[in-house]
Structure formats: structure tokens, C-alpha cells
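Chains as they are written, first to last, in the working numbering: chain F, 4 to 149; chain X, 2 to 382.
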């Protein structure tokens, strides 16, 4: 067993988080879970419901592609190599679930950002690659044109 | 009551940066100071509870005993986010409450680097900080503050006033990292880290340690230590109950409210009975929301509470007269016990020129990401 003998997998395109799914045929989407007992929808995969504790009836669902800005902050200082300023946004997804992500297309100033502004949740490629050369898709928030 | 538990000795080192010292050395210093405070030795202790986060797998409690006396007693090492020190204290309290021991030593220690906390990824794939929003602690607590703004219109200036107040308090505390006034313009004009938290609205990463000797009533009487003893009226520890946004936006409110409710009920007291509070002002935004979470302000009135001056020394309910995490500093595993030290010192009437006059009941609060919250209510015995 030597590293030299290992077959290196071909670089591929992955989701930046496990719940960003890239089906072989069809559009990438964000995956969530819905409890059929209490109705709660959460981001990501769950076997049991964190709200009511149900061990059965938690179903995989596709999360919505629109939402509303619940909260934000404007990040001016971050780790070296992370471009600033950027808007860290909390978005309530229409249909259930809440996400944190970057809000694009809005001036990073408090007066330009409105609570409850409707946003689209868009999935697109990012320039960063991992050590194995894999490419990534990430999700972003963009204001809906009024 | 016969099964009450008392703080009979407590102390903390002056918080600062001590890169040339080790974690056990720092812990040992506070442990010996707390033992000296009640005139006892490590030979008198029946168990040791040690809180430390960054060397959680490193047997810090046992290494402290190598510095101060290896008596062979049980040592429990505790890690529980920013509630680490308070959890170690609570473990000691529970053991005495259960009647297993009569007297124990609780010590919290931390040695920290400078810089941003949080924001780390899982190590797989590509880093998500700055791509999926921000997970740094200044950002996480900026979200906490702006949620209050969203609900009640709380302003940047109101958040900033918390830092002005706590930095002012620290000028009266020789054990604080800083003793420096920071006027409002200076706080608001400091480097913006994550809006609305400027650099002066972020707690200071420091090295520090604090310790407390806990004792049963029977033993305290036997040792003649009731004179300066402070009774633990209640001890509450919570994890985060389910709330719908908690994964995306950490919810420090529900976990704190549950701990506060539990602690008030156990003590048979309410927020109006409390004379001073040391709460978890890891960021200026946090102190504002905890006014409501701990019940000293009505819903939506935390902004006007800071405006009124009620939480400053000399006000109706002084908060963080030690200088708080903002200016005293926040050595994670030590903070919970340092809060106990501060409140105990006031209840004993020994807080010098920052003394909250006539203090009979005090409350301590810490809350850590993940989440863990501890509330203790202490009473002059």
C-alpha cells in the first residue's frame, strides 16, 4: 500500500456544504428536512426531529429558492485572505428553514440594508478550489428586483 | 438550610497576557489565592473541579495539583464552551449538595492568543468563512444585537454605551486587564469589526485564572468560616432548547432565559431582588439582550435601561462593575469563576471603591456558543 499506487480521483464539482445537492441530471438545490409530525422544516439532513423528537416521518425536502432578510451584519475585519467588507445575512427561506450566507448586490452600509427585504437564493460556482482540485458551487442571496 | 453550599474562599489573578507561563501555573496561582482567602490548604480539599477549554484533553486539574500538592483526591476536568468555569463551579456545588463531599476546590484557567475567535470550518472542502456569511464571534454577536434592533429599534449608540460603562467600571478594578476610560466617540469611532461591534465593543482575549472553595454548612461552621461565607442560592445550567433559527443564527436568548428562570425559581427570588449582576458581555451587543433575558428590563426596554444609567455603578441594578468581559477580559475557562469572585467580593462588602453599597443578592451569568448557559444566584450569608 503506497500513495504512489493510489488512483487519484478526477476533480469534480461539489456543493460547498453537504446540503447543497448537485443531481446528475437536473438543477442544483438546497436540501432540507421536514417533520411530518410537527411540520418543522430545517436546513440539511436529519434522521430525527430536533424540535419534537419524532424518530419517524422526517422527510427529505427541497428548500425554497426565495426568502426574506431576517438579519445581517457588515463584516469589516476578518481573517487574512477573506475579502471585506461583506454582508453576512440571515435569511428565512420561504416555505421554512433559515440560512446564513453572503448578501450580494447591496451596498455594505447599514442604511442600504432593509430588514425583511425579499431575496433570491442563487446557486453558482465560486473561484476557490480545494487541495484535490475540486470545484465548488455555493449559495448566495441577491435582492429581488422590485 | 442544612444542605446549603457556601463559597468560603475565592480569588482571581489580575487578567493579562502571560505567554511565558503555563496553564497549570496560572491555575495554581488562583487556587492558592482562594485557599489563602479562607486560610485552608490543598490538604483540606476533598475534590478538585478544573475548568479549561483550550487544553481540555490535557488533564489541567491534575497538572495544577502537581504545582500545589498531589493529595490523590478526585479531579474532574470540565470543558463547556464559555460556561466552562461556571460548570466546574456547579459540579463542585452539586457534589456537596449531594452530600458526597464537604469541601472542594473549583478552579478555572485559560491561556489565549490574540485575534478573532470562531469562524473555523470543518476542515473539509473549502473555507466557508466570508463565503457563507461570517462565523466569527464579533459577527455572531453582531447578529444578536441587530436582531434586537430589528425588533425594537435599538441603536448603535445604545450598544456602544455598554462599552463606555464597562470600561469606566474597570478603572476601579485593579484586577481588570485594562483600566482606561473610553468615551462614547472613541467607542463608536474605533475600528469597525462587524457592524455594530467596533473593536472597543469586543471583549479582550486574555490569560487568566480564578478559583473558589465551596463548603457545606456543617463544615463551614466547624471551620469557623461562616463570617465571610456567601451562600449559593441557586445554580442553573442549560443547553440550547430548540428554536427555529438557531442553526443559522446562534440563539443565546432562549438558553439564557431558561437558565435564568430555573435559577430564580430555585432561589425563590425574582430579578427585583438582585442587587448586582455580572453577565456575559462578550460583546457590547450581548449585554443589551441579556438585560431582557435576565429579567431586569421589560421586553424592548433594554435600550432605555442603558440610556437611564440604571446599570452603572450607583444605579438601580449595577451590571458588570468588574469591567466585564469587555475590559476585565475574557479568559474563557476562568470567566465563570471570576464572576463568582466579583459578586462574592461585593456581598462580603470588600469591593473597595467599586463596592455596590448594601449588596445582599448577586447574580452571575455566562453563556457559550454551542450552547451552554450557567446562572448562579449568591447571597450574603
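Virtual Cβ for every residue (Gly too), placed ideally from N, Cα, C.
Within 10 angstroms of its Cβ, does residue 288 of chain X collect 16 or more other Cβ (buried), or is it exposed? The count along the second chain starts at 1 and reaches residue 288 of chain X at position 287. It counts as buried.
Compute the beta-carbon to beta-carbon distance between residue 339 of chain X and residue 209 of chain X, rounded to the nearest angstrom, for a pair I have assumed lies under 8 Å. Position 338 of the second chain, counting from 1, holds the residue named residue 339 of chain X. Position 208 of the second chain, counting from 1, holds the residue named residue 209 of chain X. That belief holds up - the Cβ atoms of residue 339 of chain X and residue 209 of chain X are roughly 7 Å apart, short of 8 Å.
By the DSSP assignment, the alpha helix (DSSP H) with residue 145 of chain F in it spans what residues? Mapped onto the first chain, residue 145 of chain F falls at position 142. Premise fails: residue 145 of chain F lies in the beta strand (DSSP E), 138-146, not in any alpha helix (DSSP H).
Bridge-paired residues (DSSP) for residue 379 of chain X: Stepping through the second chain from its first residue, residue 379 of chain X is reached at position 378. As DSSP reads the structure, residue 379 of chain X sits in a beta bridge with X:233, X:363.
Here's a check: name, in chain order, each residue in its chain whose Cβ is nearer than 8 Å to the Cβ of residue 306 of chain X, leaving out the five neighbours to either side. Indexing the second chain from 1 puts residue 306 of chain X at position 305. The residues are 292, 297, 298, 312.
Listed by chain order, chain F residues near residue 248 of chain X by CB distance under 8 Å: Start at 1 with the first residue of the second chain, and residue 248 of chain X comes out as number 247. By Cβ distance, chain F contributes 45, 46, 47, 101.
If we ignore side chains and look at the alpha-carbon of each, how far apart do residue 183 of chain F and residue 102 of chain F end up? As displayed, chain F neither begins before 4 nor continues past 149, which places residue 183 of chain F out of reach and without an answer.
Residue 140 of chain X touches chain F at which residues, Cβ-Cβ below 8 Å? For the purposes of this step, residue 140 of chain X is identified with residue 139 of the second chain, where counting begins at 1. In chain order: 76, 78, 91.
Does chain F have any CB closer than 8 Å to the CB of residue 388 of chain X? Outside the modelled stretch of chain X, which goes from 2 to 382, sits residue 388 of chain X, for which no answer is possible.
Residues of the stretch 153-174 of chain X whose Cβ lies closer than 7 Å to any Cβ of chain F, in chain order: none
What number of angstroms, rounded off, separates the C-alpha of residue 318 of chain X from the C-alpha of residue 65 of chain X? For the purposes of this step, residue 318 of chain X is taken as the residue at position 317 of the second chain. For the purposes of this step, residue 65 of chain X is taken as the residue at position 64 of the second chain. Looking at the two C-alpha atoms, the distance is approximately 37 Å.
Extent of the continuous alpha helix (DSSP H) run through residue 101 of chain F: Here residue 101 of chain F refers to the residue found at position 98 when the first chain is read from its first residue. Not the alpha helix (DSSP H): residue 101 of chain F falls in the beta strand (DSSP E), residues 101-106.
Alpha carbon to alpha carbon, how far is residue 98 of chain X from residue 72 of chain F? Give it in angstroms, no decimals. Walking along the first chain from the start, residue 72 of chain F turns up at place 69. Walking along the second chain from the start, residue 98 of chain X turns up at place 97. Their Cα atoms are separated by approximately 48 Å.
Anything in the stretch 118-130 of chain F with a Cβ closer than 9 Å to a Cβ of chain X? List those residues in chain order, please. 118, 119, 129
Residue-level contact to chain F via CB, residue 97 of chain X, 8 Å cutoff: Taking the first residue of the second chain as position 1, residue 97 of chain X is located at position 96. No, its Cβ sits nowhere closer than 8 Å to a Cβ of chain F.
Between the C-alpha atoms of residue 358 of chain X and residue 117 of chain F, what's the straight-line distance to the nearest angstrom? The residue labelled residue 358 of chain X in the question sits at position 357 within the second chain. The residue labelled residue 117 of chain F in the question sits at position 114 within the first chain. Rounded to the nearest angstrom, the two C-alpha atoms are 45 Å apart.
Select from X:326, X:329, X:377, X:302 the residue whose C-alpha is nearest the C-alpha of residue 154 of chain X. The residue labelled residue 154 of chain X in the question sits at position 153 within the second chain. Out of X:326, X:329, X:377, X:302, X:302 has the C-alpha closest to the C-alpha of residue 154 of chain X.
Chain F partners of residue 193 of chain X, CB-CB under 8 Å? Residue numbering aside, residue 193 of chain X sits at position 192 when the second chain is read from its first letter. What residue 193 of chain X touches in chain F: 77, 79, 80.
Along the chain, where does the alpha helix (DSSP H) containing residue 139 of chain X start, and where does it finish? For the purposes of this step, residue 139 of chain X is taken as residue 138 along the second chain, with counting starting at 1. Residues 138-153.
Which term fits residue 16 of chain F, buried or exposed, when burial requires 16 or more other beta carbons within 10 angstroms of its beta carbon? Here residue 16 of chain F corresponds to residue number 13 of the first chain, with the count starting at 1. Classification for residue 16 of chain F: exposed.
Neighbourhood of residue 38 of chain X by C-beta, 7 Å cutoff - its chain only, sequence neighbours within 5 removed: Here residue 38 of chain X refers to the residue found at position 37 of the second chain. The residues 10, 11, 12, in chain order, have a CB closer than 7 Å to that of residue 38 of chain X in the same chain once the five nearest residues on each side in sequence are set aside.
Spatial distance of residue 94 of chain X from residue 323 of chain X (CA atoms): As a position in the second chain, residue 94 of chain X is number 93, starting the count at 1. As a position in the second chain, residue 323 of chain X is number 322, starting the count at 1. Each residue's Cα considered, the two are about 24 Å apart.
With 8 Å as the C-beta to C-beta threshold (strictly closer), list the residues of the stretch 53-80 of chain X near chain F in chain order. none
Between residue 368 of chain X and the ligand PLP, is there a pair consisting of the residue's CB and a ligand heavy atom that are separated by less than 7 Å? Ligands are entirely absent from the displayed structure, and the ligand PLP is therefore not among its contents.
Across which residues does DSSP place residue 82 of chain F in a beta bridge pair? For the purposes of this step, residue 82 of chain F is taken as the residue at position 79 of the first chain. Answer by DSSP bridge pairing: none, since residue 82 of chain F is not bridged.
For a contact defined as C-beta to C-beta under 8 Å, what are the partners of residue 17 of chain F on chain X? Taking the first chain and counting its residues from 1, the one referred to as residue 17 of chain F is at position 14. Within 8 Å Cβ-Cβ: 126.
Considering only C-alpha positions, which residue in the set X:252, X:275, X:234, X:207 is nearest to residue 15 of chain X? In the second chain, residue 15 of chain X corresponds to position 14, counting from 1. Taking only the C-alpha atoms, the option nearest residue 15 of chain X is X:207.
Alpha-carbon to alpha-carbon, residue 252 of chain X and residue 48 of chain F: The residue you call residue 48 of chain F lines up with position 45 of the first chain. The residue you call residue 252 of chain X lines up with position 251 of the second chain. The straight-line gap from Cα to Cα measures roughly 21 Å.
Taking a contact to mean a Cβ-Cβ separation below 8 Å, would you say residue 74 of chain X touches residue 51 of chain X in this structure? The sequence position of residue 74 of chain X within the second chain is 73, counting from 1. The sequence position of residue 51 of chain X within the second chain is 50, counting from 1. No; because the gap between Cβ atoms is not below 8 Å, this pair is not in contact.
Residue 126 of chain F beta carbon less than 8 Å from that of residue 140 of chain F: On the first chain, residue 140 of chain F is found 137 positions in, with the first residue counted as 1. On the first chain, residue 126 of chain F is found 123 positions in, with the first residue counted as 1. The answer is yes: Cβ separation under 8 Å.
Counting only C-beta atoms, is residue 255 of chain X closer than 8 Å to chain F at any point? What you label residue 255 of chain X is simply residue 254 of the second chain in a count that begins at 1. Answer no: the Cβ-Cβ gap between residue 255 of chain X and chain F never drops below 8 Å.
Could you tell me the distance, in whole angstroms, from the CA atom of residue 14 of chain F to the CA atom of residue 137 of chain F? Against the first chain, residue 14 of chain F aligns to sequence position 11. Against the first chain, residue 137 of chain F aligns to sequence position 134. Going from the Cα of residue 14 of chain F to the Cα of residue 137 of chain F covers about 5 Å.
Considering only the alpha carbon of each residue, which of X:333, X:151, X:47 lies closest to residue 304 of chain X? Counting from one through the second chain, the residue named residue 304 of chain X turns up at place 303. Among X:333, X:151, X:47, the Cα nearest to that of residue 304 of chain X is on X:151.
On the DSSP bridge list, what partners appear for residue 16 of chain F? The sequence position of residue 16 of chain F within the first chain is 13, counting from 1. DSSP output for residue 16 of chain F lists F:138 as bridge partner(s).
Outcome for residue 167 of chain X when other beta-carbon atoms lying within 10 angstroms are tallied against a minimum of 16: The count along the second chain starts at 1 and reaches residue 167 of chain X at position 166. Classification for residue 167 of chain X: buried.
Distance cutoff 8 Å, beta carbons only. Does residue 26 of chain X sit that close to anything in chain F? Position 25 of the second chain, counted from the start, is the residue given in the question as residue 26 of chain X. So no, residue 26 of chain X is outside the interface.
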